[in-house]
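At position 19 of the sequence shown the residue is numbered 62 (our numbering), and the sequence of numbers has no breaks. We treat Cβ as the ideally placed atom computed from N, Cα and C, and that holds for glycine. Right, one structure below, let's go through it.
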Amino acid sequence: MKIRNILATKGMNTISMRPEQTVKDAITLLTQYNIGAVVVLDADERLVGILSERDLIRAVASDNNVMVQPVSSVMTSNVITGTPQDDLQSVLQTMTNGRFRHLPIIDRGAMIGIVSIGDLVKSQLDEYKGEIDTLRTQLIEGEA
Ligand code: AMP
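This is the structure we're talking about:
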C-alpha cells in the first residue's frame, strides 16, 4: 500500500502554525484537535519544523517560562518527510528506526498532509484483515 492511499482515506487536513506563535498556542492547538504533533510553516507555507508532545515535555522540563517562548525555539527543524509514492512498509521502517511518530508528506514541493504511526498501523491491520478474508473465502470455496 502507498502513502497516497492512506491519505485518501484519512484526508489531507493538516493542522499547522507559524514559528513565531507561542508554545502556549501550540498546546492549545494539540488539545483542541486531539493530535500529537503540529507542523510549523513559514509565511510562504514552507515546512520549517515539527513540534510534538515530546518537544513540549522536554521544553517544560528545562524552562519555567516556556509558555511564552516562540515555537521556533522548541521545534525540531530538521524534518524528515515522505512522498505520496512511498510504500507503507518502508515508511513504517523509517519511523521506527528514527523513533518518531509523525511524517509530513510533500508532493511537488508542497505539504499535502501528515501521517502518524497510528494511521500506518491501522492501514497495515486493515490490509492484513482484507488478505485474511480473501484467503478464508478461497478456502471455503475450495471445500465446497
Ligand atoms: P513523535 O514521536 O512524533 O512525537 O516525536 C518525537 C521527536 O521526533 C520530537 O522531537 C519530534 O519533534 C521529532 N519528530 C517527529 N516527527 C518528525 C519528523 N517527521 N522528522 C524529524 N523529527 C520528527
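DSSP state of residue i mapped onto helix, strand, coil
i	result
residue 150	strand
residue 86	coil
residue 117	coil
residue 55	coil
residue 44	coil
residue 123	coil
residue 185	helix
residue 93	strand
Neighbourhood of residue i by C-beta distance below 8 angstroms, restricted to the same chain and skipping five residues each side
i	result
residue 63	113, 114 and 115
residue 161	144
residue 150	126 and 127
residue 163	49, 131, 134, 135 and 138
Among the options, nearest to residue i - alpha-carbon criterion
i	options	result
residue 141	55, 156 and 123	123
residue 76	127, 178, 65 and 56	56
residue 49	117, 186 and 148	148
residue 82	54, 131, 61 and 179	61
residue 108	65, 52 and 95	65
residue 99	79, 91 and 90	79
residue 92	105, 74 and 69	69
Exposure label - residue i; buried when at least 16 CB within 10 Å
i	result
residue 133	exposed
residue 111	exposed
residue 153	exposed
residue 120	exposed
residue 173	exposed
residue 95	buried
residue 175	exposed
residue 166	buried
residue 182	exposed
residue 157	buried
Residue-level contact to chain B via CB, residue i, 8 angstroms cutoff
i	result
residue 136	You won't find chain B in this structure, because it holds only one protein chain.
Same chain, Cβ closer than 7 angstroms to residue i, neighbours up to 5 away in sequence not counted
i	result
residue 44	131, 166 and 170
Own chain, CB closer than 6 angstroms to residue i, minus 5 neighbours either side, in chain order
i	result
residue 129	46
Practice item. Entirely within the stretch 130-177 and at least 3 residues each: give me those beta strand (DSSP E) ranges in chain order. Key: 145-150 and 153-159
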